[in-house]
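Student: These protein sequence lines map, in sequence, to chains A and B. With my numbering, letter number 213 in the first sequence gets 213, and the count goes up by one each step, no holes. With my numbering, letter number 163 in the second sequence gets 1163, and the count goes up by one each step, no holes. Glycine included, each C-beta is placed from N, C-alpha and C at the ideal position. Here the structure is a predicted model, which is why all the values come from computation and not from measurement.
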Amino acid sequence: MRRMVIAPLLVALLAVASACGSSTANDSSAGSAPSASAATCTPEKLQTLSPGKLTIGTSNPAFSPYFTGGPGHEWKGQFNNDPYADKGFENTVAYGVAEKLGYTPDQVTWQVTPFGKSFAPGPKDFDLYLAQVTDKSPRDQRVDFSVPYYQANQAIVVKKDSQYAHATSLADLKGATLGAEVSTTSYQAIQDVIQPDNEAKVYNSTSQATQALENGQIDGLAVDFPTAYYIAYVEPGGLAIAGQFSGAGGEDQWGLVMEKGSPLKTCVDRALNEMKSSGELAELEQKWLSDLADAPTLQ
Amino acid sequence: MALRPGRRPDAAVASRSSRILGRGAGRSAAIALASTVVVFTAITLIVVNSPGWPEFKASFLNWDEVKVWFPDIARHFWVNVKLFMVCEAVILVFALGIAILRSLPGPVLFPFRLMAIVYTDLFRGVPTILVVVMLGLGVPSLQLSGVPTSELFWGGVALILVYSAYVAEVYRAGIESVHPSQEAAARSLGLSRLQALRFVIVPQAVRRVIPPLLNDFIGLQKDTALVAIIGPVEAFRQADIAQAADFNFTPYLCAAALFVLITIPLARFTDWLVARDRRRQFAGQG
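#1: Measure the CB-CB distance between Ile985 (chain B) and Gln1238 (chain B) and report whether it falls below 7 Å.
#2: In this structure, what does DSSP give as the bridge partners for Ile56 (chain A)?
#3: Hey, is Glu1234 (chain B)'s beta-carbon within less than 7 Å of any beta-carbon in chain A?
#4: Could you confirm whether any beta carbon from chain B is found closer than 7 Å to the beta carbon of Asp27 (chain A)?
#5: What number of angstroms, rounded off, separates the C-alpha of Lys201 (chain A) from the C-alpha of Cys1254 (chain B)?
#6: Could you work out which residue in A:Gly72, A:Gly77, A:Asp86 and A:Asn80 is closest to Lys287 (chain A) when comparing CA atoms only?
#7: Where do the ends of the alpha helix (DSSP H) carrying Asp1271 (chain B) lie?
#8: Find the residues of chain A that neighbour Arg1237 (chain B), judging by a C-beta separation of less than 8 Å, and give them in chain order.
#9: Going residue by residue through the region 243-294 of chain A, where are the continuous beta strand (DSSP E) segments of at least 3 residues, counting only ones entirely within it?
#10: Is it buried or exposed for Trp1078 (chain B), if we count other Cβ within 10 angstroms and need 16 for buried?
#11: Verify whether the separation of the beta carbon atoms of Leu289 (chain A) and Leu128 (chain A) is less than 7 Å.
#12: Taking buried to mean at least 16 other C-beta atoms within 10 Å of its own C-beta, is Met258 (chain A) buried or exposed?
#13: With a threshold of 8 Å, are at least 3 pairs of Cβ atoms found where one atom belongs to the region 1246-1262 of chain B and the other to the region 194-214 of chain A?
#14: Closer than 7 Å between beta carbons: that is the criterion. Which residues of the region 1059-1080 of chain B meet it against chain A?
#15: So which residues of chain A does Leu1083 (chain B) contact, with C-beta pairs closer than 7 Å?
#16: On the DSSP letters alone, give me the boundaries of the alpha helix (DSSP H) that Gln1221 (chain B) sits inside.
#17: Relative to the C-alpha of Gly1136 (chain B), which residue among B:Leu1033, B:Leu1161 and B:Thr1044 is closest?
#18: Is there at least one Cβ from chain B nearer than 7 Å to Asn215 (chain A)'s Cβ?
#19: Please list, in chain order, the chain E residues whose beta carbon lies closer than 9 Å to that of Val143 (chain A).
#20: Which class does Phe1236 (chain B) belong to by DSSP, given the choice of helix, strand or coil?
#21: Where does the unbroken beta strand (DSSP E) through Tyr150 (chain A) begin, and where does it stop?
#22: Please name the residue or residues paired with Asp144 (chain A) in a DSSP beta bridge.
#23: How would you label Gly1174 (chain B), buried or exposed, when you count the other beta carbons within 10 angstroms and need 16 or more for buried?
#24: Please list, in chain order, the chain B residues whose beta carbon lies closer than 7 Å to that of Pro61 (chain A).
#25: Using a cut-off of 8 Å between C-beta atoms, extract the partners of Gln211 (chain A) located in chain B.
#26: Ignore the nearest five residues each way along the sequence and tell me which others in Pro34 (chain A)'s own chain have a CB closer than 7 Å to its CB.
#27: In the DSSP assignment, find the unbroken alpha helix (DSSP H) run with Leu1092 (chain B) in it and report its ends.
#28: Check this for me: beta carbons of Thr1149 (chain B) and Pro1140 (chain B), under 7 Å apart or not?
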């Protein structure tokens, strides 16, 4: 008796299983992206997460000099900077893009998104994401990147009294124990460009890596150059930049991250290109990252 | 073991199952097979037809990523293997010391029992990852001369401290499971209290707790990945690096596969030990 009930049940389960989902898959491929023009790139036309608003994601903490507004909203604590403040390089770039797309500052919503979640499969909780993300292959297979808004060098931060503080070439750093933050291109730069004799160490956050540097657990810390400047000279401590260098495959090109196939990409690219040609982007770079020019370049 | 003659346990199970199915074993095997096929096919179909499946497949099950990263991850898995081999050896000895300390009788030795109790309570209570971070980043910052600054060293110490607390409790359970008459018998033969512990109680206790002991070691093998948080690049961290470099989660799967690969033999070995012990213990009875 029981068996007779269960058997059709299993068949039904199979039927449901094969039917479910198949109707919803792949119905978003209709039509190729329209060419961007002032007419199509407006808050009314753009298909954003919540209509009429632009949701921008960044990580928490959001670090100086990219965000310098100080703690606020969800961004509380020592290293945090509230993106609603519109202060700092990436913060002002983001508001600049939003303005070019026609959004007023109060139509911009900020969203805390850990870096790892920014490229995880599935729906995104942001329209745009920026947190010094380098555009490179094969990352671009999983998400879309805008045209670059900054080109970053890598740098090595050391203790002032370290024997590596006066390195004149990358070869001088070969004997050093180097460290980097996980999920950064800096680690790749250590491996590919410096190729040190000792295994490089990897840390979860910039603050942990800086602690390890101060502890003497590593001789040098590889980070993006603007970050290096902030660690070495803005935060007090006995640290210095040994030098800057080009990462693996040249300078890092930072782009805004969007969902793969995002309808916003053409408009965002257009906005950034406008900011470039008008000199607005260079102005922002000058304003927030201007002190960074002087550090020896290592070859 | 009180077995009634002529009625083995599996015979009882067999007769009960034939009562439910009403027919021979061949038929029930066929039904089991069919049901398994249907259920697993259904699960597969649900997953494969889900709207996110193509994206999931590209992100989590990407063969190209395996080809690129698996050798690197496997190479760094060697760090995990070395770490748990060393830790397990130290834990075996250290934890037994704690357990014996806690089993010492008499009011004079109370401070030692207290120390053992505080130790096990403390290190079983604090999350392993916190011990790893505090020792790995904290102790080197004291900048004491002669104290190692290697993160791998301090990560290993943290794992030893935490797992010794668990293993000490396992040992203690073993020691307490040895019947008091054993000690009484040993003492009546003229053995001192310590000799009785050394030659009579601990050997029996250790033999009894080998399966739960190995169970804790399986846990330890996986937890070696926690050491990554303070700097050393091991299998999990290498997968982390790969994941961020390519925006792809497949490398995590590679690391997971390596951990499973090494824990399964240990799990089967534990099963085998349990079965062998049971055979020995009940040999000649029945």
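Tutor: Quick answer:
#1: Because chain B in this structure spans residues 1001 to 1286, residue 985 (chain B) falls outside the shown range and cannot be described.
#2: Per DSSP, A:Trp110 and A:Leu128.
#3: When Cβ-Cβ separations below 7 Å define contact, Glu1234 (chain B) makes no contact with chain A.
#4: Residue placement at Asp27 (chain A) is flagged as unreliable, the pLDDT there being 40, under the threshold of 50; the coordinate-derived value follows with that caveat. Answer no: the Cβ-Cβ gap between Asp27 (chain A) and chain B never drops below 7 Å.
#5: If you draw a straight line from the Cα of Lys201 (chain A) to the Cα of Cys1254 (chain B), it is about 21 Å long.
#6: The shortest CA-to-CA distance from Lys287 (chain A) to any of A:Gly72, A:Gly77, A:Asp86 and A:Asn80 is the one to A:Asp86.
#7: Start and end: Thr1250 to Gln1281.
#8: Within 8 Å Cβ-Cβ: Val182 and Val202.
#9: For the region 243-294 of chain A, whole beta strand (DSSP E) runs of length 3 or above, ordered along the chain, are 252-254 and 257-259.
#10: Trp1078 (chain B) comes out exposed.
#11: Cβ atoms of Leu289 (chain A) and Leu128 (chain A): not closer than 7 Å.
#12: The residue in question, Met258 (chain A), is buried, as its Cβ has 16 or more Cβ neighbours within 10 Å.
#13: Touching, no.
#14: Sequence-ordered contacts of the region 1059-1080 of chain B with chain A read Ser1059 [C-beta pairs closer than 7 Å].
#15: Using a Cβ-Cβ cut-off of 7 Å, Leu1083 (chain B) is close to nothing in chain A; its nearest Cβ partner there is about 14 Å away.
#16: It spans Val1202 to Asp1223 - the alpha helix (DSSP H) in which Gln1221 (chain B) sits, taken as one unbroken run.
#17: Nearest C-alpha to Gly1136 (chain B): B:Leu1161.
#18: With 7 Å as the cut-off, Asn215 (chain A) counts as an interface residue toward chain B.
#19: In the displayed structure, chain E is absent; the protein chains listed are A and B.
#20: Phe1236 (chain B) falls in the helix class under three-state DSSP.
#21: Run containing Tyr150 (chain A): Tyr150 to Ala152, per the beta strand (DSSP E) assignment.
#22: Asp144 (chain A) is bridged to A:Met258.
#23: Under the 10 Å beta carbon count, Gly1174 (chain B) is surrounded by 16 or more other beta carbons and is classified as buried.
#24: What Pro61 (chain A) touches in chain B: nothing, since even the nearest Cβ is about 17 Å away.
#25: In chain order: Leu1137 and Ser1141.
#26: Because Pro34 (chain A) carries a pLDDT of 48, less than 50, the predicted location of this residue cannot be relied on, and the following value inherits that uncertainty. Taken in chain order, the residues that qualify are Thr40.
#27: In this chain, the alpha helix (DSSP H) harbouring Leu1092 (chain B) covers Trp1063 to Ser1103.
#28: Yes, these two residues count as a Cβ contact at 7 Å.
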